[in-house]
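This report concerns only the one structure given below.
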Amino acid sequence: MGSQEPAAEGVEHLLLSLKAIFKSRPHRAATMVLAMLIPSPEPAPIKIDRLMIRHSEAQDRTALIDLFSTPEVGTYVTRSSSTEQRLA
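Counting from 13, one number per residue, gives the positions in the sequence shown under my numbering.
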């Protein structure tokens with residue numbers, strides 16, 4: 013395994029894990045494989061008067077990057093701002 017690419021090693025590890033699961037719990041393994049192969053439909057957006065909650069789309073990328081780059085949002089969403097404050 014040492015000469016293989018990291019991705020190939022990961023796939024090999026996944027296959028070995030699936031083989032072990034199939035051996036010990038065939039029903040559970042079959043369910044896992046089906047869940048990976050059959051895409052689940054996206055839920056419908058939730059809409060109210062002034063708000064719509066939906067999955068993000070490719071066109072949202074720039075706005076999301078801008079939003080999550082602000083220190084105010086970082087304080088509540090990530091730990092980067094609070095970590096910086098503790099280190100200061």
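We treat Cβ as the ideally placed atom computed from N, Cα and C, and that holds for glycine.
Given GLN57 as reference, the closest of SER68, LEU27, PRO83 and ALA75 once Cα atoms are compared: Here the sequence assigns Pro to residue 57, which means Gln is not the residue at that position. Of the listed residues, the one whose Cα sits closest to PRO57 is SER68.
Close beta carbons around MET9, own chain, < 8 angstroms, minus the five adjacent residues each side: No answer is possible for residue 9: it lies beyond the span of the chain, which begins at 13 and ends at 100.
Rounded C-alpha distance that separates MET64 from ILE77: Within the model, the alpha-carbon separation for MET64 versus ILE77 is close to 19 angstroms.
Residues that LYS59 bridges to, as DSSP identifies them: Answer by DSSP bridge pairing, in chain order: MET64.
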